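Numbering (my numbering), first residue to last: -18 to 537.
We put the beta carbon where it would ideally sit given N, CA and C, even for glycine.
Please read all numbers here as calculations on a predicted model, not as lab measurements.
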(Lines of atoms letter the chains of each structure in order from A and count residues from 1; the text may use other names and numbers.)
(Lines give C-alpha, C1' and ligand atoms only; values in the text may rest on other atoms or scores of the structure.)
Protein backbone atom coordinates (compact mmCIF):
# COMPACT_ATOMS: atom_id res chain seq x y z
CA UNK A 1 0.00 0.00 0.00
CA UNK A 2 1.51 3.31 -1.06
CA UNK A 3 1.86 6.14 1.43
CA UNK A 4 0.18 9.50 0.93
CA UNK A 5 3.44 11.16 -0.02
CA UNK A 6 4.27 8.43 -2.55
CA UNK A 7 0.88 8.90 -4.22
CA UNK A 8 1.34 12.67 -4.18
CA UNK A 9 4.81 12.53 -5.72
CA UNK A 10 3.63 10.22 -8.51
CA UNK A 11 0.73 12.53 -9.47
CA UNK A 12 1.10 14.71 -12.57
CA UNK A 13 0.04 18.24 -11.72
CA UNK A 14 -1.26 20.79 -14.18
CA UNK A 15 0.61 24.10 -14.35
CA UNK A 16 -1.17 26.51 -12.02
CA UNK A 17 -1.85 28.70 -15.07
CA UNK A 18 -4.14 25.97 -16.42
CA UNK A 19 -6.05 25.74 -13.13
CA UNK A 20 -6.52 29.51 -13.11
CA UNK A 21 -7.66 29.44 -16.74
CA UNK A 22 -10.19 26.70 -15.95
CA UNK A 23 -11.67 29.12 -13.39
CA UNK A 24 -11.85 31.91 -16.02
CA UNK A 25 -9.34 34.02 -14.10
CA UNK A 26 -7.43 36.76 -15.91
CA UNK A 27 -3.70 37.38 -15.44
CA UNK A 28 -4.54 40.24 -13.05
CA UNK A 29 -6.54 37.93 -10.78
CA UNK A 30 -3.64 35.78 -9.61
CA UNK A 31 0.13 35.61 -9.24
CA UNK A 32 2.24 32.42 -9.40
CA UNK A 33 4.19 31.01 -6.47
CA UNK A 34 6.25 28.55 -8.49
CA UNK A 35 4.72 26.18 -11.04
CA UNK A 36 1.94 24.66 -8.93
CA UNK A 37 0.82 27.34 -6.44
CA UNK A 38 -0.66 30.80 -6.79
CA UNK A 39 -1.97 33.71 -4.75
CA UNK A 40 -5.35 35.15 -5.69
CA UNK A 41 -5.78 38.90 -5.85
CA UNK A 42 -7.36 40.60 -2.82
CA UNK A 43 -9.59 42.48 -5.27
CA UNK A 44 -10.94 39.33 -6.93
CA UNK A 45 -13.88 38.91 -4.56
CA UNK A 46 -15.04 42.48 -5.16
CA UNK A 47 -14.65 41.96 -8.92
CA UNK A 48 -16.93 38.90 -8.72
CA UNK A 49 -19.48 40.59 -6.47
CA UNK A 50 -22.33 40.48 -9.01
CA UNK A 51 -21.90 36.76 -9.77
CA UNK A 52 -24.37 34.41 -8.06
CA UNK A 53 -23.02 32.24 -5.25
CA UNK A 54 -22.52 28.51 -5.65
CA UNK A 55 -23.84 26.11 -3.05
CA UNK A 56 -21.65 25.65 0.03
CA UNK A 57 -21.28 22.16 1.49
CA UNK A 58 -19.84 22.01 5.02
CA UNK A 59 -17.98 18.83 6.02
CA UNK A 60 -17.81 18.03 9.72
CA UNK A 61 -17.55 14.81 11.76
CA UNK A 62 -18.16 12.94 14.97
CA UNK A 63 -15.61 13.28 17.80
CA UNK A 64 -12.38 11.87 16.34
CA UNK A 65 -9.73 9.47 17.55
CA UNK A 66 -6.27 11.01 18.15
CA UNK A 67 -5.20 10.16 14.59
CA UNK A 68 -8.17 11.92 12.97
CA UNK A 69 -10.95 10.42 10.88
CA UNK A 70 -10.09 11.60 7.38
CA UNK A 71 -12.44 14.58 7.25
CA UNK A 72 -10.11 16.48 4.92
CA UNK A 73 -9.82 13.38 2.76
CA UNK A 74 -13.60 13.17 2.44
CA UNK A 75 -13.77 16.91 1.68
CA UNK A 76 -11.28 16.55 -1.17
CA UNK A 77 -12.84 13.34 -2.44
CA UNK A 78 -16.32 14.86 -2.44
CA UNK A 79 -15.11 17.84 -4.46
CA UNK A 80 -13.56 15.47 -6.99
CA UNK A 81 -16.73 13.37 -7.10
CA UNK A 82 -18.89 16.44 -7.77
CA UNK A 83 -16.68 17.27 -10.76
CA UNK A 84 -17.16 13.72 -12.04
CA UNK A 85 -20.89 14.48 -11.99
CA UNK A 86 -20.24 17.57 -14.15
CA UNK A 87 -20.66 20.03 -11.31
CA UNK A 88 -18.09 22.83 -11.23
CA UNK A 89 -16.75 22.19 -7.73
CA UNK A 90 -14.03 23.97 -5.77
CA UNK A 91 -12.54 22.85 -2.48
CA UNK A 92 -11.85 25.34 0.33
CA UNK A 93 -9.60 24.16 3.16
CA UNK A 94 -7.53 25.47 6.06
CA UNK A 95 -3.76 25.63 5.94
CA UNK A 96 -2.00 23.02 8.11
CA UNK A 97 0.00 23.99 11.18
CA UNK A 98 3.51 22.62 11.63
CA UNK A 99 2.60 21.66 15.21
CA UNK A 100 0.37 18.67 14.35
CA UNK A 101 2.40 17.95 11.18
CA UNK A 102 5.50 17.40 13.32
CA UNK A 103 3.50 15.97 16.22
CA UNK A 104 0.80 13.33 16.17
CA UNK A 105 -2.26 14.17 14.10
CA UNK A 106 -0.54 14.76 10.78
CA UNK A 107 -1.25 17.25 8.04
CA UNK A 108 -4.43 18.66 6.63
CA UNK A 109 -4.04 17.96 2.91
CA UNK A 110 -6.26 14.88 2.72
CA UNK A 111 -4.90 11.44 1.92
CA UNK A 112 -4.49 8.69 -0.65
CA UNK A 113 -6.06 9.66 -3.98
CA UNK A 114 -8.01 12.50 -2.39
CA UNK A 115 -5.27 15.01 -1.60
CA UNK A 116 -4.56 18.65 -2.28
CA UNK A 117 -1.15 19.08 -3.89
CA UNK A 118 1.75 19.75 -3.67
CA UNK A 119 1.17 18.17 -0.25
CA UNK A 120 4.79 18.63 0.89
CA UNK A 121 4.57 22.39 0.35
CA UNK A 122 1.08 22.69 1.81
CA UNK A 123 1.98 20.75 4.97
CA UNK A 124 5.26 22.60 5.49
CA UNK A 125 5.94 26.27 4.63
CA UNK A 126 3.44 26.64 1.73
CA UNK A 127 3.34 30.32 0.67
CA UNK A 128 4.51 31.67 4.03
CA UNK A 129 1.12 32.77 5.42
CA UNK A 130 1.67 31.23 8.86
CA UNK A 131 5.15 32.74 9.03
CA UNK A 132 3.62 36.15 8.28
CA UNK A 133 1.08 35.71 11.08
CA UNK A 134 3.83 34.56 13.47
CA UNK A 135 5.92 37.60 12.55
CA UNK A 136 3.04 40.05 12.92
CA UNK A 137 2.06 38.57 16.27
CA UNK A 138 5.61 38.73 17.62
CA UNK A 139 6.22 42.19 16.16
CA UNK A 140 3.30 43.34 18.28
CA UNK A 141 4.87 41.66 21.33
CA UNK A 142 8.14 43.49 20.63
CA UNK A 143 6.32 46.81 20.29
CA UNK A 144 4.51 46.24 23.59
CA UNK A 145 7.72 45.49 25.50
CA UNK A 146 9.54 48.35 23.81
CA UNK A 147 6.77 50.75 24.81
CA UNK A 148 7.00 49.64 28.45
CA UNK A 149 10.81 49.89 28.33
CA UNK A 150 10.74 53.39 26.79
CA UNK A 151 8.71 55.05 29.53
CA UNK A 152 5.30 53.39 29.23
CA UNK A 153 3.26 56.48 28.34
CA UNK A 154 0.13 54.37 28.05
CA UNK A 155 0.60 53.11 31.62
CA UNK A 156 0.38 49.46 30.55
CA UNK A 157 0.42 47.22 33.62
CA UNK A 158 3.16 44.63 32.89
CA UNK A 159 1.23 42.17 35.07
CA UNK A 160 -1.80 42.51 32.82
CA UNK A 161 -0.30 42.15 29.34
CA UNK A 162 -2.64 39.62 27.71
CA UNK A 163 -0.82 39.34 24.38
CA UNK A 164 1.17 36.09 24.05
CA UNK A 165 4.07 35.45 21.74
CA UNK A 166 3.53 32.59 19.28
CA UNK A 167 5.42 29.80 17.52
CA UNK A 168 4.06 27.45 14.84
CA UNK A 169 5.22 24.35 16.68
CA UNK A 170 4.08 22.26 19.62
CA UNK A 171 6.49 23.27 22.41
CA UNK A 172 5.27 22.75 25.97
CA UNK A 173 8.43 24.34 27.42
CA UNK A 174 7.20 27.74 26.22
CA UNK A 175 3.78 27.62 27.87
CA UNK A 176 4.96 29.93 30.63
CA UNK A 177 8.10 32.07 30.43
CA UNK A 178 9.69 35.22 31.85
CA UNK A 179 11.01 37.90 29.50
CA UNK A 180 13.15 40.97 30.09
CA UNK A 181 15.71 39.40 32.41
CA UNK A 182 19.32 40.60 32.44
CA UNK A 183 19.26 44.19 33.63
CA UNK A 184 18.05 47.61 32.40
CA UNK A 185 19.24 47.19 28.80
CA UNK A 186 17.31 43.91 28.36
CA UNK A 187 13.83 45.32 28.98
CA UNK A 188 11.35 45.18 31.84
CA UNK A 189 10.95 41.72 33.42
CA UNK A 190 7.46 40.26 33.26
CA UNK A 191 5.71 36.94 32.90
CA UNK A 192 4.82 35.95 29.35
CA UNK A 193 3.66 32.86 27.46
CA UNK A 194 3.75 31.34 23.98
CA UNK A 195 0.70 30.04 22.14
CA UNK A 196 0.83 28.08 18.90
CA UNK A 197 0.50 30.41 15.89
CA UNK A 198 -2.89 29.07 14.88
CA UNK A 199 -4.24 30.19 18.27
CA UNK A 200 -3.13 33.80 17.69
CA UNK A 201 -5.92 36.33 17.50
CA UNK A 202 -4.22 37.63 14.37
CA UNK A 203 -4.96 34.30 12.67
CA UNK A 204 -8.63 34.65 13.62
CA UNK A 205 -8.66 38.29 12.47
CA UNK A 206 -7.19 37.37 9.08
CA UNK A 207 -9.70 34.55 8.60
CA UNK A 208 -12.72 36.67 9.54
CA UNK A 209 -11.70 39.85 7.66
CA UNK A 210 -13.72 40.62 4.53
CA UNK A 211 -10.98 42.68 2.84
CA UNK A 212 -7.84 44.73 3.54
CA UNK A 213 -9.83 47.58 5.07
CA UNK A 214 -11.67 45.20 7.40
CA UNK A 215 -8.36 43.53 8.32
CA UNK A 216 -6.92 46.86 9.50
CA UNK A 217 -10.17 47.74 11.30
CA UNK A 218 -10.03 44.50 13.25
CA UNK A 219 -6.31 44.78 13.99
CA UNK A 220 -6.87 48.22 15.55
CA UNK A 221 -9.38 46.74 18.00
CA UNK A 222 -7.12 43.98 19.35
CA UNK A 223 -6.76 44.38 23.13
CA UNK A 224 -3.17 43.67 24.19
CA UNK A 225 -3.62 44.26 27.90
CA UNK A 226 -4.80 46.72 30.51
CA UNK A 227 -3.53 49.82 32.27
CA UNK A 228 -2.87 50.10 35.99
CA UNK A 229 -6.45 51.36 36.40
CA UNK A 230 -7.81 48.44 34.33
CA UNK A 231 -8.60 50.22 31.09
CA UNK A 232 -8.05 48.18 27.90
CA UNK A 233 -5.05 49.02 25.71
CA UNK A 234 -5.45 48.35 21.97
CA UNK A 235 -3.24 48.04 18.92
CA UNK A 236 -4.61 51.43 17.86
CA UNK A 237 -3.30 52.95 21.13
CA UNK A 238 0.16 51.69 20.15
CA UNK A 239 -0.19 52.98 16.55
CA UNK A 240 0.80 49.50 15.41
CA UNK A 241 -2.01 48.60 12.98
CA UNK A 242 -0.13 49.95 9.94
CA UNK A 243 2.96 47.82 10.55
CA UNK A 244 0.87 44.71 11.21
CA UNK A 245 -1.13 45.25 8.03
CA UNK A 246 2.09 45.60 6.04
CA UNK A 247 3.27 42.23 7.37
CA UNK A 248 -0.08 40.58 6.58
CA UNK A 249 -0.78 42.15 3.17
CA UNK A 250 0.25 39.12 1.12
CA UNK A 251 -1.01 36.60 3.68
CA UNK A 252 -4.52 38.01 3.15
CA UNK A 253 -4.46 36.68 -0.43
CA UNK A 254 -5.99 33.18 -0.72
CA UNK A 255 -3.85 30.35 -2.11
CA UNK A 256 -4.84 28.41 -5.23
CA UNK A 257 -3.69 24.80 -5.73
CA UNK A 258 -5.23 21.57 -7.09
CA UNK A 259 -6.11 18.03 -6.05
CA UNK A 260 -4.82 14.67 -7.24
CA UNK A 261 -7.52 14.87 -9.94
CA UNK A 262 -6.78 18.53 -10.80
CA UNK A 263 -9.87 19.88 -9.04
CA UNK A 264 -9.22 23.51 -7.99
CA UNK A 265 -8.63 24.07 -4.28
CA UNK A 266 -8.38 27.32 -2.34
CA UNK A 267 -6.43 26.92 0.90
CA UNK A 268 -6.25 29.86 3.26
CA UNK A 269 -5.97 30.45 7.00
CA UNK A 270 -5.81 27.80 9.67
CA UNK A 271 -7.15 28.52 13.17
CA UNK A 272 -7.30 25.42 15.39
CA UNK A 273 -10.85 24.24 16.10
CA UNK A 274 -10.32 23.24 19.74
CA UNK A 275 -8.60 26.49 20.77
CA UNK A 276 -9.80 28.87 18.03
CA UNK A 277 -12.66 28.94 15.52
CA UNK A 278 -11.39 26.22 13.19
CA UNK A 279 -12.43 27.50 9.75
CA UNK A 280 -10.63 28.72 6.65
CA UNK A 281 -10.97 32.38 5.70
CA UNK A 282 -14.20 34.12 4.79
CA UNK A 283 -12.42 35.53 1.73
CA UNK A 284 -11.46 32.03 0.53
CA UNK A 285 -14.91 30.51 1.03
CA UNK A 286 -16.75 33.41 -0.57
CA UNK A 287 -14.31 33.59 -3.50
CA UNK A 288 -14.76 29.86 -4.11
CA UNK A 289 -18.54 30.34 -4.02
CA UNK A 290 -18.28 32.96 -6.77
CA UNK A 291 -16.05 30.77 -8.94
CA UNK A 292 -17.86 27.43 -8.65
CA UNK A 293 -21.29 25.80 -8.63
CA UNK A 294 -20.36 23.94 -5.46
CA UNK A 295 -17.88 24.72 -2.70
CA UNK A 296 -16.84 21.88 -0.42
CA UNK A 297 -15.31 23.21 2.78
CA UNK A 298 -14.62 21.81 6.21
CA UNK A 299 -14.57 22.90 9.83
CA UNK A 300 -12.06 21.35 12.22
CA UNK A 301 -12.71 18.28 14.39
CA UNK A 302 -16.30 17.31 15.28
CA UNK A 303 -19.57 19.18 14.91
CA UNK A 304 -19.31 20.19 18.57
CA UNK A 305 -16.28 22.35 17.72
CA UNK A 306 -15.63 23.33 14.10
CA UNK A 307 -19.20 23.17 12.78
CA UNK A 308 -20.61 25.00 15.79
CA UNK A 309 -18.11 27.83 15.29
CA UNK A 310 -18.50 27.85 11.50
CA UNK A 311 -22.23 28.36 11.94
CA UNK A 312 -22.34 30.63 15.01
CA UNK A 313 -19.23 32.73 14.24
CA UNK A 314 -18.09 32.50 10.61
CA UNK A 315 -21.57 32.35 9.06
CA UNK A 316 -22.62 35.40 11.06
CA UNK A 317 -19.49 37.37 10.19
CA UNK A 318 -19.50 36.52 6.50
CA UNK A 319 -23.18 36.09 5.67
CA UNK A 320 -22.53 32.45 4.74
CA UNK A 321 -25.11 29.66 4.87
CA UNK A 322 -24.30 26.09 3.87
CA UNK A 323 -26.77 24.35 1.57
CA UNK A 324 -25.91 20.94 3.05
CA UNK A 325 -23.70 19.35 5.71
CA UNK A 326 -21.71 16.12 5.56
CA UNK A 327 -21.08 14.37 8.90
CA UNK A 328 -18.07 12.07 8.59
CA UNK A 329 -18.10 8.93 10.72
CA UNK A 330 -15.70 6.02 10.84
CA UNK A 331 -16.13 2.51 12.14
CA UNK A 332 -13.00 2.82 14.28
CA UNK A 333 -14.11 6.06 15.95
CA UNK A 334 -17.55 4.62 16.72
CA UNK A 335 -15.86 1.62 18.33
CA UNK A 336 -13.73 3.96 20.44
CA UNK A 337 -16.88 5.78 21.55
CA UNK A 338 -18.27 2.36 22.42
CA UNK A 339 -15.45 1.82 24.92
CA UNK A 340 -12.84 0.03 22.80
CA UNK A 341 -9.22 1.02 23.44
CA UNK A 342 -7.24 2.66 20.64
CA UNK A 343 -5.05 -0.45 20.28
CA UNK A 344 -8.10 -2.64 19.59
CA UNK A 345 -9.90 -0.55 16.99
CA UNK A 346 -8.96 -2.85 14.10
CA UNK A 347 -10.76 -5.85 15.65
CA UNK A 348 -14.34 -6.47 14.51
CA UNK A 349 -16.76 -5.37 17.24
CA UNK A 350 -20.35 -4.64 16.23
CA UNK A 351 -21.44 -4.38 19.86
CA UNK A 352 -19.03 -1.48 20.43
CA UNK A 353 -20.41 0.28 17.34
CA UNK A 354 -23.95 -0.15 18.67
CA UNK A 355 -22.87 1.60 21.87
CA UNK A 356 -20.67 4.25 20.26
CA UNK A 357 -23.30 5.23 17.71
CA UNK A 358 -24.82 7.52 20.35
CA UNK A 359 -21.96 9.91 19.61
CA UNK A 360 -23.00 10.07 15.96
CA UNK A 361 -26.62 10.55 17.00
CA UNK A 362 -25.69 13.61 19.10
CA UNK A 363 -23.80 15.23 16.23
CA UNK A 364 -26.77 14.60 13.94
CA UNK A 365 -28.99 16.35 16.50
CA UNK A 366 -26.53 19.26 16.57
CA UNK A 367 -26.75 19.80 12.80
CA UNK A 368 -30.53 19.44 12.98
CA UNK A 369 -30.58 22.20 15.63
CA UNK A 370 -29.24 24.59 12.98
CA UNK A 371 -31.99 23.57 10.57
CA UNK A 372 -29.60 22.24 7.91
CA UNK A 373 -29.97 19.15 5.68
CA UNK A 374 -27.20 16.57 6.05
CA UNK A 375 -25.73 13.29 4.86
CA UNK A 376 -23.66 10.89 6.96
CA UNK A 377 -20.49 9.77 5.17
CA UNK A 378 -18.89 6.53 6.30
CA UNK A 379 -15.20 7.03 5.57
CA UNK A 380 -14.04 3.49 4.80
CA UNK A 381 -10.83 2.12 6.31
CA UNK A 382 -9.19 -1.16 5.18
CA UNK A 383 -9.78 -2.69 8.63
CA UNK A 384 -13.57 -2.18 8.51
CA UNK A 385 -15.49 -5.45 8.23
CA UNK A 386 -18.55 -5.78 5.99
CA UNK A 387 -20.60 -6.76 9.02
CA UNK A 388 -19.65 -3.51 10.78
CA UNK A 389 -20.41 -1.40 7.72
CA UNK A 390 -23.77 -3.12 7.20
CA UNK A 391 -24.72 -2.50 10.83
CA UNK A 392 -24.01 1.23 10.56
CA UNK A 393 -25.87 1.55 7.27
CA UNK A 394 -28.85 -0.33 8.70
CA UNK A 395 -28.90 1.95 11.76
CA UNK A 396 -28.97 4.99 9.48
CA UNK A 397 -31.77 3.49 7.38
CA UNK A 398 -33.83 2.65 10.47
CA UNK A 399 -33.39 6.19 11.79
CA UNK A 400 -34.16 7.78 8.37
CA UNK A 401 -30.64 9.19 8.09
CA UNK A 402 -29.21 9.56 4.57
CA UNK A 403 -25.90 7.70 4.47
CA UNK A 404 -23.18 7.01 1.90
CA UNK A 405 -20.14 4.75 2.08
CA UNK A 406 -17.09 6.55 0.73
CA UNK A 407 -13.75 5.11 -0.29
CA UNK A 408 -12.07 8.22 -1.65
CA UNK A 409 -8.69 7.46 -0.06
CA UNK A 410 -8.39 4.41 -2.33
CA UNK A 411 -10.45 5.47 -5.35
CA UNK A 412 -10.39 9.28 -5.40
CA UNK A 413 -13.49 10.99 -6.73
CA UNK A 414 -14.95 7.72 -8.01
CA UNK A 415 -15.13 6.54 -4.40
CA UNK A 416 -17.33 9.48 -3.46
CA UNK A 417 -19.90 9.55 -6.26
CA UNK A 418 -22.70 8.06 -4.12
CA UNK A 419 -22.02 10.70 -1.46
CA UNK A 420 -21.92 13.45 -4.09
CA UNK A 421 -25.28 12.41 -5.57
CA UNK A 422 -26.90 12.48 -2.14
CA UNK A 423 -25.30 15.81 -1.25
CA UNK A 424 -26.60 17.36 -4.51
CA UNK A 425 -30.10 16.17 -3.69
CA UNK A 426 -29.91 17.66 -0.18
CA UNK A 427 -28.35 20.92 -1.39
CA UNK A 428 -31.13 21.43 -3.90
CA UNK A 429 -33.85 21.28 -1.23
CA UNK A 430 -35.53 24.64 -0.55
CA UNK A 431 -33.21 26.68 1.70
CA UNK A 432 -34.21 27.36 5.29
CA UNK A 433 -32.93 30.18 7.45
CA UNK A 434 -29.97 29.17 9.58
CA UNK A 435 -31.02 28.78 13.22
CA UNK A 436 -28.22 30.00 15.50
CA UNK A 437 -27.59 28.43 18.89
CA UNK A 438 -27.88 31.76 20.68
CA UNK A 439 -28.83 35.39 20.12
CA UNK A 440 -25.98 37.90 20.13
CA UNK A 441 -27.91 40.02 22.61
CA UNK A 442 -27.97 37.18 25.15
CA UNK A 443 -25.64 37.66 28.15
CA UNK A 444 -22.26 35.93 27.75
CA UNK A 445 -23.08 33.36 30.41
CA UNK A 446 -26.29 32.40 28.59
CA UNK A 447 -24.44 32.04 25.29
CA UNK A 448 -21.92 29.71 26.91
CA UNK A 449 -24.71 27.74 28.56
CA UNK A 450 -26.63 27.46 25.28
CA UNK A 451 -23.62 25.95 23.50
CA UNK A 452 -22.89 23.59 26.39
CA UNK A 453 -26.46 22.34 26.63
CA UNK A 454 -27.55 22.36 22.98
CA UNK A 455 -24.30 21.30 21.29
CA UNK A 456 -22.53 19.22 23.97
CA UNK A 457 -25.56 17.87 25.82
CA UNK A 458 -24.35 19.16 29.20
CA UNK A 459 -26.64 19.68 32.17
CA UNK A 460 -25.09 23.05 32.93
CA UNK A 461 -21.89 25.08 33.14
CA UNK A 462 -19.71 25.90 36.14
CA UNK A 463 -17.57 29.05 36.04
CA UNK A 464 -14.41 29.41 38.09
CA UNK A 465 -14.13 32.52 40.25
CA UNK A 466 -11.67 33.92 37.70
CA UNK A 467 -14.01 33.26 34.77
CA UNK A 468 -16.99 34.82 36.54
CA UNK A 469 -14.99 37.93 37.38
CA UNK A 470 -13.81 38.19 33.77
CA UNK A 471 -17.36 37.74 32.50
CA UNK A 472 -18.62 40.69 34.53
CA UNK A 473 -15.55 42.76 33.58
CA UNK A 474 -15.99 42.08 29.84
CA UNK A 475 -19.69 42.89 29.87
CA UNK A 476 -19.02 46.16 31.70
CA UNK A 477 -16.59 47.05 28.88
CA UNK A 478 -19.33 46.49 26.30
CA UNK A 479 -18.09 43.17 24.94
CA UNK A 480 -21.10 41.15 26.03
CA UNK A 481 -22.73 41.18 22.58
CA UNK A 482 -19.87 39.24 20.95
CA UNK A 483 -20.17 35.53 20.00
CA UNK A 484 -18.38 32.96 22.15
CA UNK A 485 -15.55 30.78 20.83
CA UNK A 486 -15.39 27.66 22.98
CA UNK A 487 -11.97 26.10 23.60
CA UNK A 488 -12.56 22.43 24.42
CA UNK A 489 -11.05 19.00 23.88
CA UNK A 490 -11.87 17.54 20.47
CA UNK A 491 -12.03 13.95 21.70
CA UNK A 492 -15.26 14.14 23.69
CA UNK A 493 -18.51 16.05 23.92
CA UNK A 494 -17.65 17.09 27.48
CA UNK A 495 -14.46 18.87 28.53
CA UNK A 496 -13.08 15.53 29.79
CA UNK A 497 -11.41 13.64 26.89
CA UNK A 498 -11.94 10.32 28.67
CA UNK A 499 -15.75 10.68 28.52
CA UNK A 500 -16.18 9.09 25.09
CA UNK A 501 -19.51 8.25 23.50
CA UNK A 502 -22.42 10.40 24.57
CA UNK A 503 -21.94 11.25 28.24
CA UNK A 504 -24.88 12.45 30.34
CA UNK A 505 -25.21 14.25 33.65
CA UNK A 506 -22.05 16.30 33.15
CA UNK A 507 -21.19 19.97 33.53
CA UNK A 508 -18.80 22.05 31.44
CA UNK A 509 -16.13 23.68 33.60
CA UNK A 510 -15.16 27.18 32.45
CA UNK A 511 -11.60 27.98 33.49
CA UNK A 512 -11.15 31.45 32.07
CA UNK A 513 -12.22 33.88 29.35
CA UNK A 514 -10.08 35.80 26.88
CA UNK A 515 -11.28 38.82 24.94
CA UNK A 516 -10.53 38.62 21.20
CA UNK A 517 -12.08 41.98 20.41
CA UNK A 518 -10.38 42.25 17.00
CA UNK A 519 -11.68 38.85 15.98
CA UNK A 520 -14.98 39.91 17.53
CA UNK A 521 -15.54 36.94 19.82
CA UNK A 522 -14.85 35.91 23.41
CA UNK A 523 -12.67 32.81 23.83
CA UNK A 524 -13.97 30.51 26.56
CA UNK A 525 -11.40 28.03 27.89
CA UNK A 526 -12.83 24.84 29.36
CA UNK A 527 -11.21 22.01 31.30
CA UNK A 528 -7.50 21.52 30.67
CA UNK A 529 -7.37 22.67 27.03
CA UNK A 530 -4.21 24.71 26.33
CA UNK A 531 -3.27 27.17 23.60
CA UNK A 532 0.21 25.63 23.27
CA UNK A 533 0.07 21.85 22.66
CA UNK A 534 2.99 19.52 23.34
CA UNK A 535 4.67 16.86 21.22
CA UNK A 536 3.86 13.15 21.78
CA UNK A 537 6.39 10.58 22.95
CA UNK A 538 7.19 9.63 19.35
CA UNK A 539 6.68 12.75 17.19
CA UNK A 540 5.97 12.30 13.50
CA UNK A 541 8.97 14.56 12.87
CA UNK A 542 11.29 11.65 13.72
CA UNK A 543 10.11 9.80 10.60
CA UNK A 544 10.89 12.64 8.19
CA UNK A 545 13.98 13.08 6.03
CA UNK A 546 15.24 14.38 2.69
CA UNK A 547 17.07 12.11 0.24
CA UNK A 548 20.31 13.13 -1.48
CA UNK A 549 18.33 14.20 -4.55
CA UNK A 550 16.15 16.52 -2.44
CA UNK A 551 13.06 14.31 -2.21
CA UNK A 552 11.08 14.48 1.04
CA UNK A 553 10.28 11.11 2.63
CA UNK A 554 8.36 10.07 5.76
CA UNK A 555 5.77 12.87 5.52
CA UNK A 556 2.69 10.60 6.06
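Which of the three DSSP states, helix, strand or coil, is assigned to residue 446? As a first step, residue 446 is located in the chain shown; it is residue number 465 there, counting from the start. It is helical.
Would you mind giving the Cβ-Cβ distance between residue 292 and residue 233, rounded to the nearest angstrom? I have them listed as a contact below 8 Å. Translated into the one-based positions of the chain shown, residue 292 becomes position 311. Translated into the one-based positions of the chain shown, residue 233 becomes position 252. The Cβ separation is near 24 Å, so there is no contact.
Considering only DSSP beta bridges, list what residue 384 is partnered with. Here residue 384 corresponds to residue number 403 of the chain shown, with the count starting at 1. In DSSP, residue 384 forms a bridge with 357.
Where residue 268 sits in the DSSP three-state scheme: For the purposes of this step, residue 268 is identified with residue 287 of the chain shown, where counting begins at 1. In the structure shown, residue 268 sits in a helix (DSSP, three-state: H, G or I).
Threshold first: 4 residues or longer. Then list the alpha helix (DSSP H) segments lying entirely within the segment 483 to 518, N to C. none
Quick check on this structure: which residue in 406, 55, 111 has the alpha carbon closest to the alpha carbon of residue 95? Within the chain shown, the letter at position 114 stands for residue 95. Nearest of 406, 55, 111 to residue 95, Cα basis: 55.
Run the CB neighbour count on residue 304, radius 10 Å, all protein chains shown included, and call it buried at 16 or more, exposed below. Sequence index remark: in the chain shown, residue 304 carries index 323 (1-based). Counting Cβ neighbours within 10 Å, residue 304 comes out buried, since at least 16 surround it.
Endpoints, the alpha helix (DSSP H) within which residue 81 is located: Stepping through the chain shown from its first residue, residue 81 is reached at position 100. 79 to 83 is the span of the alpha helix (DSSP H), which, as asked, contains residue 81.
Taking 8 Å as the limit between beta carbons, can you name the residues of its chain near residue 128, skipping five residues before and five after? In the chain shown, counting from the first residue as 1, residue 128 sits at position 147. Result list for residue 128: 134, 135, 137, 219, in chain order.
In the segment 244 to 325, which residue ranges form an unbroken alpha helix (DSSP H) of at least 4 residues, counting only runs that do not cross its ends? 263 to 272, 296 to 299, 312 to 318
From this set, 438, 429, 66, which residue's C-alpha is nearest residue 444's C-alpha? One-based indexing of the chain shown puts residue 444 at position 463. Considering only alpha carbons, the answer is 429.
Helix, strand or coil, according to DSSP, for residue 43 in the structure here? Position 62 of the chain shown, counted from the start, is the residue given in the question as residue 43. If DSSP states are grouped into helix, strand and coil, residue 43 belongs with coil.
Between the C-alpha atoms of residue 160 and residue 360, what's the straight-line distance to the nearest angstrom? The residue labelled residue 160 in the question sits at position 179 within the chain shown. The residue labelled residue 360 in the question sits at position 379 within the chain shown. Residue 160 and residue 360: Cα-Cα distance of roughly 47 Å.
Going along the chain, which residues of its own chain have a beta-carbon closer than 7 Å to the beta-carbon of residue 181, five neighbours each way excluded? As a working note, residue 181 is residue 200 in the chain shown. Within the same chain, residue 181 has close Cβ partners 114, 118, 147.
Quick check on DSSP: helix, strand or coil for residue 211? For the purposes of this step, residue 211 is taken as residue 230 along the chain shown, with counting starting at 1. It is coil, neither helix nor strand.
Alpha carbon of residue 227 to alpha carbon of residue 191, nearest angstrom: The residue you call residue 227 lines up with position 246 of the chain shown. The residue you call residue 191 lines up with position 210 of the chain shown. Cα to Cα, the separation comes out at about 17 Å.
Where residue 325 and residue 72 are concerned, what is the direct C-alpha to C-alpha distance, given to the nearest angstrom? The residue given as residue 325 occupies position 344 in the chain shown. The residue given as residue 72 occupies position 91 in the chain shown. The alpha-carbon atoms of residue 325 and residue 72 are separated by roughly 34 Å.
Spatial neighbours of residue 51 within its chain, please: CB distance less than 6 Å, with the 5 preceding and 5 following residues excluded, ordered by chain position. Along the chain shown, read from residue 1 onward, the residue named residue 51 stands at position 70. Taken in chain order, the residues that qualify are 360.
So what does DSSP say about residue 38, is it helix, strand or coil? Indexing the chain shown from 1 puts residue 38 at position 57. Of the three classes helix, strand and coil, the one that applies to residue 38 here is strand, per DSSP.
Residue closest to residue 337, alpha-carbon to alpha-carbon, out of 347, 376, 70, 150: Here residue 337 is taken as the residue at index 356 of the chain shown, counted from 1. The shortest CA-to-CA distance from residue 337 to any of 347, 376, 70, 150 is the one to 376.
Could you check whether the segment 304 to 314 touches the segment 345 to 358, counting it as contact only if at least three pairs of C-beta atoms, one from each stretch, sit closer than 8 Å? yes
Starting from residue 197, follow its DSSP beta bridges and name the residues at the other end. For the purposes of this step, residue 197 is taken as the residue at position 216 of the chain shown. Partner(s): none; residue 197 has no beta bridge.
Rounded separation between residue 418 and residue 499 - CA only: By 1-based counting over the chain shown, the position of residue 418 is 437. By 1-based counting over the chain shown, the position of residue 499 is 518. Each residue's alpha carbon lies about 22 Å from the other.
Determine which residues share a DSSP beta bridge with residue 534 and list them. Taking the chain shown and counting its residues from 1, the one referred to as residue 534 is at position 553. Per DSSP, the beta-bridge partners of residue 534 are 526.
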